[in-house]
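Below you'll find the structure, written out as structure tokens, and then a few comments.
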Amino acid sequence: MSTAPPLLEVRDLEAGYGPINVLHKLSLVVNQGEIVTIIGANGAGKTTLLNAICGVVKARAGEVVFNVSPEVHARYGSTRGLVGSLVGVASNLTRRTAGVPVVGAVTRWATAGFVDGVLSVFADTFRLAASGPTAIHEVAPHNVVKLGLAQSPEGRKIFPRLTVRENLEMGAFTRRDTFQVQADIQKAYQMFPILGKRQTQPGGLLSGGEQQMLAIARALMSRPKLLLLDEPSLGLAPQIVVQIFDVIRELNKQGMSVLLVEQNARMALKVAHRGYVLETGRITFTDKADVLLHDPRIREAYLGE
Amino acid sequence: MRHARDWVPILFVALFAYPFLPFAESNRGAQFTILFVYAILALALNVVMGYTGLLHLGIAAFFGIGAYTVGILTVPFFPFQQSFLVAAVAAMVISATVGVITTAPILRLRGDYLSLVTLGFGLITLYAIRNLDAITEGTKGLNPIEAGPLPGVSEDADFSAVQVHSNWGTRWYKYPYLYFIILGTLGMVMLFLRNLERSRLGRAWVALREDELAATCMGLNPARLKLAAIALGAGLAGLAGAFYAMALGTTGNPQAYDFTLSMIMVCCVILGGLGNRSGVLLGVFLLMGFDRIATNLLDNYLQEQFDAGARTYYKVSGWKIIIFGSVLILMMRFRPEGLLPETRHQRELHPDAEKKEEPQINAENADQDRKPSLN
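The listed protein sequences correspond, in order, to chains U and X. Just so you know, we're using our numbering here: the first sequence kicks off at 32 and counts up by one. Just so you know, we're using our numbering here: the second sequence kicks off at 63 and counts up by one.
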């Protein structure tokens, strides 16, 4: 392997709920361009691990270190005081109004731009100290997204009463480049044509597979460097699962690093480069995915042979 | 929902034209003016309740804070003597600030607990106003509120030449057109909220209401978004309070800002349709219109027809609260989403209606699912 620092490194992580620790001194590494899968039974702590990485569950001990790319640092690292924010308000206004000739539309976009801008004065107080490996376990979960880590949560959790398009726009909530976001939505429609066909429908009317595609597309809208997928196969027909995993493989070919948590161990190990086996909050095996796939102990415990 | 929106501009045009009509009475105009103020207050509550789903039971406190800010900044008793415009802006800012400061520590609370704290806040504010004699003059209220002229209008400008209709507007010393000013403000608030709902912030509120965890995973900051809603709602409520004090010429008895007002506003929002601006407008005009205007008219009518004397049970006003209650119970039973529901809320409350659409969509699904298997 190269000597470049890993994209994500978890060191001796402990996390849990109330009196119970779920993760015990857990360590793992995801390198740039890899698909890493974590397999394990119900209650092993897979979802807790993902939630602890993205900050929704607080780490009690240990570290989560994420390699922040210089591009992200350029966006959030520069000091932007109140004056800078007010300039942001103005630029937001002009961007919103540019090229919309009708007076009604101008006022509409102007209000929206103004309110967004005013909000940004209060909301964009997040500062990033440095690019490169950064400890993120104390960063608030909504700010973790800005660093280039996006989660597609367990059970999809799409917004059922927002339309497909609005769902995607919510995924890009942290971004300010309105036109680029629109372009990325078109890209998402190319990747998942069904979403394009249903863009004006509420998310709740989609089928399970379509919702999963929407959840992945939505997570991609923040242009993450690392995609966290929590059980993308949950409750889906086998054929749809194959489609979803094809998408994951395709994303990886385009350079996306993926941390995949799965119960469907066979499918997960087939697409992944490396795998970790999680048992009651501890990593018990780790190796290349094809080695794990042929390991008799794994075959017996997780592949049903 | 197209048709539901179309009546609002018509209503505004009609209300604007009303003072010019031959049968207009300035007395009725004053009642309408107060109705517009309550409409702004209900829209403010709708920002908090309808958009983010926080049940706020203390909106009247912000209404009171707005009214007393205007009182303190304009009455001769205090040395400030500001124009109404300055006082109204101050009322908005102070209400919003108080809203943020009092809500920030309790955002971790959920559901009923948060509602209880807001209820407590409303009560504390009411008693503070009533008992801070040195500042608020207790139950007498601050008066007379005769705000200085608007910037650019000379102190003794004579408006009698442009009088609209008989003695219309003479009630308000330096603001003869308060009816139009408040109607215009209400219209602007409606437009502002309409734009807001379609902005990024409006969608973020919907997302937050639907699933807070997923929203956080998208990079939304729930605490800040809720605070933004509270700030906006409190600010608008403060604006409504400012106009209320202006229209009355006094902050009046503190009783006007008590829990009953908060509760009636919640009723207006729910009756009209949670989250829907035009619905909220309708709810206010029905409930407050019934309360302030229709009961008086009916009382007078019954008095003329039957000469029932002073017995309460022969007057509609005596039955007012019972009628309120019955209407609410019937609404909750038969139309919980309100008279003019917001589409997204309606889906939430009537899942059956959606099922009718499903077969068609499923058929489409089946089509697309079949294609890959044929290949």
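Glycine included, C-beta positions come from ideal geometry on N, C-alpha and C.
Helix or strand or just coil, what does DSSP make of X:Tyr-239? Secondary structure of X:Tyr-239 (DSSP, three-state): coil.
Are the C-beta of U:Val-87 and some C-beta of chain X separated by less than 8 Å? Interface residue, yes.
Does the beta-carbon of U:Asn-82 have 16 or more other beta-carbons within 10 angstroms, so that it is buried, or is it exposed? With 16 or more Cβ atoms within 10 Å of its Cβ, U:Asn-82 is classed as buried.
Using the DSSP secondary-structure output, state which residues sit across from U:Tyr-48 in a beta bridge. U:Ile-51.
Candidates X:Phe-78, X:Pro-71 and X:Thr-165: closest to X:Gly-184 by CA position: The residue with the shortest Cα to Cα distance from X:Gly-184 is X:Thr-165.
Beta strand (DSSP E) containing U:Phe-97: first to last residue? Per DSSP, the unbroken beta strand (DSSP E) holding U:Phe-97 starts and ends at 90–99.
What does U:Lys-319 touch in chain X if you count any residue whose Cβ is under 7 Å from its own? Under the 7 Å cutoff, chain X gives no residues; its nearest Cβ is about 30 Å from U:Lys-319.
Going along the stretch 274–292 of chain X in order, which residues come within less than 7 Å of chain U, judged by CB to CB distance? Result list: Leu-275, Ala-276, Thr-278, Cys-279, Met-280, Gly-281, Leu-282, Asn-283, Arg-286 and Ala-290.
In the stretch 197–218 of chain U, which residues sit with their C-beta less than 8 Å from some C-beta in chain X, listed in chain order? Look at the stretch 197–218 of chain U: the residues with a C-beta under 8 Å from a C-beta of chain X are Glu-197, Glu-200, Met-201, Gly-202, Phe-204 and Thr-205.
is_contact[X:Trp-234, chain U] using C-beta, thresh 8 Å: Model confidence at X:Trp-234 stands at a pLDDT of 48, short of 50, so the residue's coordinates are unreliable; what they give is reported in the following sentence. So, not an interface residue.
For my contact list, X:Val-132 and X:Ala-304 are in at a C-beta cut-off of 8 Å; report their separation, rounded to the angstrom. Between X:Val-132 and X:Ala-304, the beta carbon gap of about 4 Å places them in contact (Cβ cut-off 8 Å).
Ordered list of alpha helix (DSSP H) runs contained in the stretch 329–372 of chain X, each at least 4 residues: For the stretch 329–372 of chain X, the continuous alpha helix (DSSP H) assignments of 4+ residues that do not extend past its boundaries occur at 339–351 and 357–368, in sequence order.
Please state if the CB of X:Ala-129 and the CB of X:Tyr-306 are separated by a distance shorter than 8 Å. Yes; because the gap between Cβ atoms is below 8 Å, this pair is in contact.
Assuming X:Thr-165 is part of the alpha helix (DSSP H), what are its boundary residues? For X:Thr-165, the enclosing alpha helix (DSSP H) stretches over residues 146–165.
Would you decide whether U:Glu-169 is buried or exposed? Buried here means 16 or more other CB atoms lie within 10 Å of its CB. Per the 10 Å Cβ criterion, exposed.
Which term fits X:Lys-377, buried or exposed, when burial requires 16 or more other beta carbons within 10 angstroms of its beta carbon? Under this definition X:Lys-377 is a buried residue.
Are there 16 or more other CB atoms within 10 angstroms of the CB of U:Pro-132, so buried, or fewer, so exposed? Bear in mind that a pLDDT of 45 at U:Pro-132, under 50, signals an unreliable position, so the number given afterwards is only what the model happens to contain. When all chains shown are included, U:Pro-132 counts as exposed.
Measure the alpha-carbon distance for X:Arg-432 versus U:Leu-251 and round it to whole angstroms. Per-residue confidence for X:Arg-432 stands at a pLDDT of 38, beneath the threshold of 50, marking its modelled position as unreliable; no derived number is given.
Report yes or no: is there a C-beta of chain X within less than 8 Å of the C-beta of U:Pro-372? For chain U, the structure presents residues 32 to 336; residue 372 of chain U sits outside this window and is missing.
Of the residues X:Ile-127, X:Gln-93, X:Leu-77 and X:Pro-84, which one's Cα is nearest the Cα of X:Arg-354? When each option's Cα is compared against that of X:Arg-354, the closest is X:Gln-93.
Output the boundary residues of the alpha helix (DSSP H) element that contains U:Ala-171. Run containing U:Ala-171: none; DSSP gives neither H nor E here.
Residue from X:Arg-395, X:Ser-88, X:Tyr-363 and X:Val-331 whose Cα sits closest to the Cα of X:Tyr-113: Distance from the Cα of X:Tyr-113 is smallest, within the candidate group X:Arg-395, X:Ser-88, X:Tyr-363 and X:Val-331, for X:Val-331.
Tell me whether the beta-carbon of X:Met-280 lies closer than 8 Å to the beta-carbon of U:Val-176. The criterion of a C-beta distance shorter than 8 Å is satisfied by X:Met-280 and U:Val-176.
In whole angstroms, what is the alpha-carbon distance linking X:Phe-82 and X:Leu-73? If I take the Cα positions, the gap works out to 15 Å.
Are the stretch 134–153 of chain X and the stretch 341–351 of chain X in contact at 8 Å, needing three or more beta carbon pairs? With contact defined as three or more Cβ pairs closer than 8 Å, the stretch 134–153 of chain X and the stretch 341–351 of chain X are not in contact.
Hey, quick one: how far does the beta strand (DSSP E) through X:Phe-82 stretch, first residue to last? For X:Phe-82, there is no enclosing beta strand (DSSP E), since its DSSP letter is neither H nor E.
Alpha carbon to alpha carbon, how far is U:Gly-335 from U:Asp-318? Give it in angstroms, no decimals. U:Asp-318 and U:Gly-335 have their C-alpha atoms some 19 Å from each other.
Which same chain residues end up closer than 6 Å to U:Leu-300 when comparing Cβ atoms and leaving out the 5 residues on each side of it in sequence? Contacts found: Gly-306, Ala-320, Leu-323 and Leu-324.
Residue burial classification, X:Thr-322 (beta-carbon count within 10 angstroms, cutoff 16): By the Cβ-count criterion, X:Thr-322 is exposed, with fewer than 16 other Cβ atoms from all chains shown falling within 10 Å of its own Cβ.
Keeping to the same chain, check which residues put their C-beta closer than 6 Å to that of U:Ile-84; ignore five residues upstream and five downstream. So the list reads Val-95, once near-sequence residues are dropped.
May I ask you to verify whether the stretch 204–218 of chain U touches the stretch 59–79 of chain U, counting CB pairs closer than 8 Å and requiring at least 3? The stretch 204–218 of chain U is not in contact with the stretch 59–79 of chain U.
Taking the alpha helix (DSSP H) that X:Ile-207 belongs to, which residues open and close that run? Per DSSP, X:Ile-207 lies in no alpha helix (DSSP H) segment and is marked neither H nor E.
X:Ala-269 versus chain U: which residues are under 9 Å apart at the beta carbon? Chain U residues near X:Ala-269: Phe-190, Leu-193, Glu-197, Asn-198, Met-201 and Phe-204.
List, in order along the chain, the chain U residues whose C-beta lies closer than 7 Å to that of X:Arg-373? None at all; the shortest Cβ gap to chain U is about 51 Å.
X:Leu-388: first and last residue of the uninterrupted alpha helix (DSSP H) it sits in: The sequence shown places Ser at residue 388 of chain X, not Leu. It spans 382–396 - the alpha helix (DSSP H) in which X:Ser-388 sits, taken as one unbroken run.
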